[in-house]
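There are 2 protein chains.
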Amino acid sequence: MPMTSWVQVAKDSDFTIYNLPFGIFQSKRLSPRIGIAIGDKIVDLSVLHEEGFFTELSQLPHDVFLKDALNDFIALGKSVTRKVREIVQGLLREENESLKEHQCRGKALVNLKEATMLMPVKVGDYTDFYSSMEHATNVGMMFRDPENALLPNWKHMPVGYHGRASSIIPSGIPIHRPKGQYKDPNMENPDFGPSRRLDFELELAFITGRPTKMGESISTKDAEDFIFGFVLFNDWSARDIQAWEYVPLGPFLGKNFASSISPWVVPIEALEPFRVNGPKQEPEVLPYLQCIKDHAFDIHLEVFIQPDGLKPTKVCTSNFKFMYWNIAQQLAHHTVNGCNINVGDMMASGTISGLTQDSYGSMLELAWKGTKPLQLEEGGERKFINDGDTVIMKGYAEKGGVRVGFGEVASKVLSAKE
Amino acid sequence: MPMTSWVQVAKDSDFTIYNLPFGIFQSKRLSPRIGIAIGDKIVDLSVLHEEGFFTELSQLPHDVFLKDALNDFIALGKSVTRKVREIVQGLLREENESLKEHQCRGKALVNLKEATMLMPVKVGDYTDFYSSMEHATNVGMMFRDPENALLPNWKHMPVGYHGRASSIIPSGIPIHRPKGQYKDPNMENPDFGPSRRLDFELELAFITGRPTKMGESISTKDAEDFIFGFVLFNDWSARDIQAWEYVPLGPFLGKNFASSISPWVVPIEALEPFRVNGPKQEPEVLPYLQCIKDHAFDIHLEVFIQPDGLKPTKVCTSNFKFMYWNIAQQLAHHTVNGCNINVGDMMASGTISGLTQDSYGSMLELAWKGTKPLQLEEGGERKFINDGDTVIMKGYAEKGGVRVGFGEVASKVLSAKE
């Protein structure tokens, strides 16, 4: 028997009763607070708490939902956050009248379009992995050696690096084209100016929900207990700045000017029906990276470019299940040396590319270093992202009538600041 | 006329009346709070505030000093933090009796040895630069091409990368030897285990004191207005893990298991007498990196290795003035692309090596990749750091009878966790 809700949920809505993602919203009359999305509504959890719907959770602080970040709520642990979600799921079911007929219903349900979505968490540390074999191969072919595109370490560990937490922003906030140094192969000296090769990277990121102490490690078996949920992640990249700076210490100014995320955090529990086998790993990985269950998820992903005032063109169709390294391996690797994690750390997958050309997760790959420009639906072509373009990423999982989606991350590129 | 204090300050004390660094301390009877060090005492600023010594600063919140991090205090701005330091300096002067003869004196002065020093700030983002030409050259000679040791970008920008903020800890906390993957040149496949090449890196780090918004940049001219102060920074490094993982995205698990800092933040104002000319930069740097004044500081630095139960051996004598790239250039570069900073970001210099072999800031360089082991004073030799060793870093500036020091960062290495 499929679950349905008395809240109207359109057939193609990402926010079904099976999903119930958490986010931070505010409106003209409401201060920042925690909500759960369903259809085109937000359930204001602070109202439900005030009205006594969570009394069975006796340890819930009275102001737990009146926060501008999910961190403190998440830190209460999965026994609490799961239970809150279950209670809300129960209240929203078709047959349940306790909220539907309650006098607070009007106050408890806020229209999504009247709300402004804020950053869902205060990000402590942000790590970006590089876990798609197709992406790593494509980049290696373009920038290093086509015959040995994958570096020797790549199949032995989920390669990753630390990124900038301060410049992670929610969907809807425009970014300025970054300026920086670049030196093309034909240039004798580096020059300085607005990036000429601004790119997106299609990624998913998970948010940690439980801390470790320094010196502790997380096994692949336990890893998912430390993961609260997922967001879409656009790892903006200035390819010309990155190419000139990244040897030997990795990406820095080519990445840290901005990363954009979808504002609704889809709990890992909502993705359970979409768990699949990941790619076979050969050579065999070291014991601390071996898994006893599947940690890949079948999540359909799309990227659109929308020039100012024109229709969007879909430029990429990919899937999270393509990732060679899974989230349990990423977390086990990250902590195997004793590196401690906190609630609200963000760990992004790296660009998610598939095998086919239309599944590549960046313009660098889609237009193959500028050699194969993409045609846009209403005319024009793109090698990279132009000023005025909005990049939109969407993602959803669907199986047997159950749909769980991420909404979108959409961000417009403004010209470089003077 | 030199300043002296009625608080006894030993001749070789780092914490003179010219210094007055800020830190967070607690004791058996005192909760975490902000103090200023002088001689072997800590001035408890919360007591001075309670007793009305800061009444001219009318905007000071009543609990401003009863915090477990300096961030909120620093965020009040230099006009406030400088004034607090000036008032304390005035109160501590030999000829000033208002605190010396006050009934609160016993409460306001806490013995340093009775206090536990905590992390001075909550670090938002941590960046590590790579700004010593001698260090970059040494590493390039050992790991890449001795004929072209410096990479092409190195003299055009202060190369840097993002590090892990969660694992920055104050002096005195031991660390466990990290475990991880390594693959020596003679190995066919990577192996996993405790690092065999654990190293320190001698660095100084500055702490930012004023935020920027995304899209904003800081000029070299304004940069020091955004810098609150400095600490000693030991960038622990596992060379074998680092060597295997770092291409192409930079250091990750080889660094993020721990970084240790000295707990007293020396305000940039206290370093003013020690400002010197930095090295000449050739080729000329791009306009956004050019400086109109000196931003180098003559700070004497030392590293000691102390095996368990034995005397320490000095293994390195270096100086902060050797840095090719200065702090103003680092901050201007970091923000030139619009990357935003927050109060409490930490930006470390990179290993500070000089020209002579005894001035190299890491064991990697001092023992030249293990080929020239260092002899310890009470016997034994070291290529890298052994379990049971304590690494101690000290730093001070001295000129014309004025001494301003950092105290020390000392951390013991414990064996890898089972």
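Here the protein sequences come in this chain order: W and V.
Here our numbering is used: the first residue of the first sequence is 683, the next is one more, and so on.
Here our numbering is used: the first residue of the second sequence is 683, the next is one more, and so on.
Idealized CB from N, CA, C, for every residue including glycine.
Inside the stretch 868-901 of chain V, DSSP marks no whole alpha helix (DSSP H) run of 4 or more residues. Boundaries of the beta strand (DSSP E) harbouring histidine 844 of chain W: 842-845, taken from the DSSP string. In this structure, DSSP gives alanine 831 of chain W a state outside helix and strand, which the three-state scheme calls coil. In terms of beta-carbon proximity, proline 867 of chain W stays away from the interface with chain V, with every pair separated by 8 Å or more. For aspartate 810 of chain V, the uninterrupted beta strand (DSSP E) run begins and ends at 808-811, by DSSP. At least 8 Å separates the CB of isoleucine 950 of chain V from every CB of chain W.
Taking 8 Å as the threshold, the shortest C-beta distance from lysine 1094 of chain W to chain V does not fall below it. Taking CB atoms only, alanine 940 of chain V has a neighbour in chain W less than 8 Å away.
Taking each of V:Asp917, V:Glu906, V:Ile923, V:Asp904 in turn and checking the Cα distance to glycine 875 of chain V, the smallest one comes out for V:Ile923.
At least one CB of chain W lies nearer than 8 Å to the CB of valine 929 of chain V. Closest in alpha carbon position to glutamate 796 of chain W, among W:Lys782, W:Glu732, W:Lys723, W:Leu968, is W:Lys723. Taking the CA atoms as reference points, threonine 1072 of chain W sits about 25 Å from serine 814 of chain W.
Residues of chain V whose Cβ lies closer than 8 Å to the Cβ of glutamine 972 of chain W do not exist, since the nearest Cβ in that chain is about 12 Å away. No Cβ-Cβ contact shorter than 8 Å links aspartate 904 of chain W with glutamate 883 of chain W. Scanning its chain for C-beta atoms nearer than 8 Å, with the 5 sequence neighbours on each side dropped, one finds around leucine 791 of chain W the residues Val689, Lys723, Ile724, Val725, Asp726, in chain order.
By the 16-neighbour rule on beta-carbons within 10 angstroms, glutamine 1011 of chain V is buried. With a cutoff of 8 Å on beta-carbon distance, phenylalanine 939 of chain W and proline 860 of chain W are scored as near each other. Relative to the Cα of valine 766 of chain W, the nearest Cα in the group W:Gly842, W:Glu951, W:Leu794 belongs to W:Glu951. Put simply, the CB of glycine 875 of chain V is far from chain W, with every gap to its CB atoms at 8 Å or more. When beta bridges are read from the DSSP output, histidine 858 of chain V appears opposite V:Leu1096. Residue pairing by DSSP puts leucine 791 of chain V in a beta bridge opposite V:Val725.
Interface residue (Cβ-Cβ distance to chain W less than 8 Å): isoleucine 900 of chain V is not classified as such.
Taken through DSSP and simplified to helix, strand or coil, glycine 960 of chain W comes out as coil. In the three-state reduction of the DSSP assignment, glutamine 988 of chain W falls in the strand class. Under the 8 Å criterion on CB atoms, aspartate 726 of chain W is classed as non-interfacial with respect to chain V. By alpha-carbon distance to proline 856 of chain W, the top candidate from W:Glu906, W:Arg846, W:Ser941, W:Glu954 is W:Ser941. Counting other Cβ atoms within 10 Å of its Cβ, alanine 692 of chain W stays below 16 and is therefore classed as exposed.
The Cβ atoms of valine 913 of chain V and valine 967 of chain V do not sit closer than 8 Å to each other.
Beta-bridge partners assigned by DSSP to phenylalanine 704 of chain W: W:Ile718, W:Val947. Residue environment for asparagine 1008 of chain V: buried (at least 16 other C-beta atoms within 10 angstroms of its C-beta). With distances taken between CA atoms, histidine 784 of chain V lies nearest to V:Gly734 out of V:Pro955, V:Pro965, V:Gly734.
Residues of chain W with a Cβ closer than 7 Å to the Cβ of proline 860 of chain V are, in chain order, Asn1019, Gly1020. Using a Cβ-Cβ cut-off of 8 Å, phenylalanine 915 of chain V does not count as an interface residue toward chain W, since no Cβ of chain W sits closer than that to its own. Following the DSSP letters along the chain, one finds glutamate 1080 of chain V inside the beta strand (DSSP E) bounded by residues 1072-1081.
Excluding residues up to 5 positions away in sequence, Tyr812 lie with their Cβ nearer than 6 Å to the Cβ of valine 841 of chain W in the same chain. Leucine 914 of chain W: member of the beta strand (DSSP E) spanning 909-916, first to last residue.
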